[in-house]
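Visitor: Residue numbers (UniProt numbering): 1 to 716.
#1: Assuming residue 706 is part of the beta strand (DSSP E), what are its boundary residues?
#2: Residue range of the alpha helix (DSSP H) that residue 61 falls in?
#3: With C-beta atoms as the reference, is residue 512 less than 7 angstroms away from residue 475?
#4: Residues in the same chain with beta-carbon distance under 8 angstroms from residue 88, minus the five sequence neighbours each way, listed in chain order, please.
#5: Please state the DSSP three-state secondary structure of residue 699.
#6: Closer than 7 angstroms by C-beta to residue 378: which residues in its own chain qualify, once you throw out the five before and the five after it? Chain order, please.
#7: Whose C-beta lies closer than 6 angstroms to the C-beta of residue 248 among residues of the same chain, with five residues either side of it excluded?
#8: Suppose the cutoff is 6 angstroms on Cβ atoms and the five residues either side in sequence are ignored; what does the same chain contact list for residue 733 look like?
#9: Which value, in whole angstroms, describes the spacing of the CA atoms of residue 150 and residue 119?
#10: Look at the alpha carbon of residue 497 and the alpha carbon of residue 528, and state the distance between them as a whole number of angstroms.
#11: Going by beta-carbon coordinates alone, are residue 52 and residue 285 separated by less than 7 angstroms?
#12: Quick one: which unbroken alpha helix (DSSP H) runs of 4-plus residues sit fully inside the segment 119-145? Chain order, please.
#13: Apart from the five residues on each side of it in sequence, which residues of its chain come closer than 8 angstroms, Cβ to Cβ, to residue 710?
#14: Would you check if there are 3 or more beta carbon pairs closer than 8 angstroms linking the segment 552-571 to the segment 599-609?
#15: Assign residue 725 to one of two classes, buried (16 or more other C-beta atoms within 10 Å of its C-beta) or exposed (fewer than that).
#16: Report all residues from its chain with a CB closer than 8 angstroms to the CB of residue 311; omit the five preceding and five following residues, and keep chain order.
#17: Mind the definition here: the segment 523-543 touches the segment 582-596 only if three or more C-beta pairs lie below 8 angstroms; say whether that holds.
#18: Which first and last residues belong to the alpha helix (DSSP H) in which residue 662 is found?
#19: With DSSP as the reference, label residue 546 as helix, strand or coil.
#20: Which runs of the beta strand (DSSP E) at least 3 residues long sit entirely within the segment 472-501? Give them in chain order.
#21: According to the neighbour-count rule (16 or more other Cβ atoms, all chains shown, within 10 Å of its Cβ), is residue 16 buried or exposed?
#22: For residue 651, tell me which candidate among 382, 298, 579, 184 has the shortest Cα-Cα distance.
#23: I'd like the span of the beta strand (DSSP E) that includes residue 344, first residue to last.
#24: Got a sec? Which residues, its chain only, sit under 7 angstroms from residue 332 by beta carbon, not counting five neighbours each side?
#25: Does residue 480 pass the burial test, meaning 16 or more other C-beta atoms within 10 Å, or should it be called exposed?
#26: Considering just the uninterrupted stretch of the beta strand (DSSP E) at residue 717, what are its terminal residues?
#27: Is DSSP giving residue 637 helix, strand or coil here?
#28: Excluding the 5 residues preceding and the 5 following residue 553 in the sequence, name in chain order all residues of the same chain whose CB lies nearer than 8 angstroms to its CB.
#29: What three-state label does DSSP hand residue 537 in the structure shown?
#30: Are the segment 58-70 and the segment 349-368 touching, with three or more C-beta to C-beta distances below 8 angstroms?
#31: How many Å lie between residue 105 and residue 373 at the Cα?
#32: Judging by CA-CA distance, which residue of 674, 336, 281, 278 is the nearest neighbour of residue 34?
#33: So residue 49 is in the alpha helix (DSSP H); what residue range does that whole segment cover?
#34: My guess is that residue 624 and residue 117 are in contact by the Cβ rule of under 8 angstroms, so how many angstroms apart are they, rounded?
#35: What is the rounded straight-line gap between the Cα of residue 588 and the Cα of residue 685?
Below, the structure is given as structure tokens:
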């Protein structure tokens, strides 16, 4: 999967005596739904390890969490106050201990196995996961949800835990508030007026509460579903993580909890529901590429499958349920469901660290089996030694007081140390990360070491691995580039702002990273640089542009407006990229680029198209130069053979001949040596991430860029 989700099981939301009223007698427990958790987590793990696709399990778990949690809250409301604070405390007691243990283990593995340049990002995600905002942390950076590979965060899967935690809070407040209003109405005597209506009198207070919540939940669910549907086609990168886009799924479970006690399906219908539901759940991962379309209408497949299985067994003893539900209630499947939450927490980081140590994109069958065995063992230990002693506080026989005390103290201590250490590391790295100022060209010749054979004295590399993440092109620093979720065209001016000659730099961040070099030339030769930039969006006229496998309609609309504005504003030259890396190695000029050249040529504009610089990828796995260097690599070993990342000839050359107003330039001889594209040249770090030039190296390219531009511009 190109941006795949990690499916997250709900933690048990209620003890057996608190299970929602969905079976024959009060307090009866749906064992088959524990088994359903087991099937869902099995699909999640198998799809992550071997298929590289979304299984739909996250949607199953969200529906189940809404079903259990809402049912518990409504029953409590019927017996008295919901107890908001008590419910929050009880829920955190279930969710946090296992989470803290896994986060602590990931922190230890990170420090042990990963270079220190990755610690800061994982520290930030640790805090985001611990405080249940990981989905927003990822959404704000539009983290592409990749299939598992060594470059992916071992905590990236916990976005769905954040969604679940946020939805628990929403459901709790909604039920508590509705119950409080109803109690106030009864106290104030308004209920006497209400019971004049036969429907309300027959329903009683519990029925009125369910009806009120049903109307409220239905309205929110429909709105959320429509919002998610729109988001699939407009901003799927954000949509995937957005709590409101996901809200309709747990709310669908809440609606089932409200309605299930009233539903009695005939036996043939139950059988159809059960078999259809389990088949749809098993096939969902193959039927749709969920990472591109969930939580939009395609998510109805796992959601309706879960609903069908819930309804198939509702109101019946286990012996009278359909065969599918009885199979789900068998011992092994139920026991797997019992450790589903812990298994979910463990399997993904183990998979990511395994792939990192093996330097592979896939675990394969033997490796996958090892990952499953280790994950199951850790999940079993976590469930029985951490979750159960703290969760079952009301059962002394099941959890001795001394064991509870030791588990509680241990988890609390680890949690405090985890928060303290991550905050300290975040502060420390934030202090070290800063843009590098002007470097002495005699000690830091940069690109001149390649183009002018400049002497390279012994000097420490700049920017350092700590400084590099902040040594970025000026538009990003100045908020002069539209981000992934911004449709508006943002422009800024660089160079000599008072000059009458203008170069428009247009496209994505690979056009942007030439700005530091152009800034020097603009000031020196008196021309303006106006930027029209958008992240992940090379200028396009495609009807359905894609970014990392996702539809990107904002890019289409943004590009159309930029091209029209260029036709009106008529800069002297339009500067943009001419190539991009090919999935098969080397580089290429996509046909869409030619269509853009035609659109600009039709408006009479002069185009400067620059060949893109190499991207750092090994076996299709992206990596950062600073991670490789921090892990003990050297400038050449962390680089790539030139023949793997650049074709022998500029792939844009043949097509460019058809465009007389197009001027090609290629500065890769100032970035790469004859046989290798190293990550450090002339004592300057070339890349600040996987594929963008540091501002420092870009500045060192100014003389060579000036030599390339001089015969084209004829301004000096």
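Note that the Cβ used here is the ideal one computed from N, Cα and C, for glycine as well.
Guide: The relevant details are as follows:
#1: Counting along the chain, residue 706 falls outside any beta strand (DSSP E), though it belongs to the alpha helix (DSSP H) covering 702-713.
#2: Unbroken alpha helix (DSSP H) run through residue 61: 57-79.
#3: yes
#4: 169, 172
#5: Helix at residue 699.
#6: 346
#7: 221, 224, 225
#8: No statement about residue 733 is possible, as the shown extent of the chain runs from 1 to 716 and does not include it.
#9: 14 angstroms
#10: Straight-line measurement puts the Cα of residue 528 at about 5 angstroms from the Cα of residue 497.
#11: no
#12: 119-130, 134-140
#13: 716
#14: yes
#15: Shown here, the chain extends from 1 to 716; a query on residue 725 therefore has no answer.
#16: 256, 260, 263, 265, 270, 273
#17: yes
#18: Looking at the DSSP string, residue 662 is not in any alpha helix (DSSP H); the run it does join, the beta strand (DSSP E), is 662-665.
#19: strand
#20: 491-495
#21: Residue placement at residue 16 cannot be trusted, given a pLDDT of 39 that sits under 50; the coordinates are not used to answer.
#22: Per the Cα distances, 579.
#23: Looking at the DSSP string, residue 344 is not in any beta strand (DSSP E); the run it does join, the alpha helix (DSSP H), is 340-358.
#24: none
#25: buried
#26: An answer regarding residue 717 cannot be provided, because it is not within the stretch 1 to 716 covered by the chain.
#27: Taken through DSSP and simplified to helix, strand or coil, residue 637 comes out as coil.
#28: The residues are 233, 234, 544, 545.
#29: coil
#30: The segment 58-70 is not in contact with the segment 349-368.
#31: 17 angstroms
#32: 336
#33: From DSSP, residue 49 is part of no alpha helix (DSSP H); its letter is neither H nor E.
#34: Sure, about 7 angstroms apart at Cβ, within 8 angstroms.
#35: 25 angstroms
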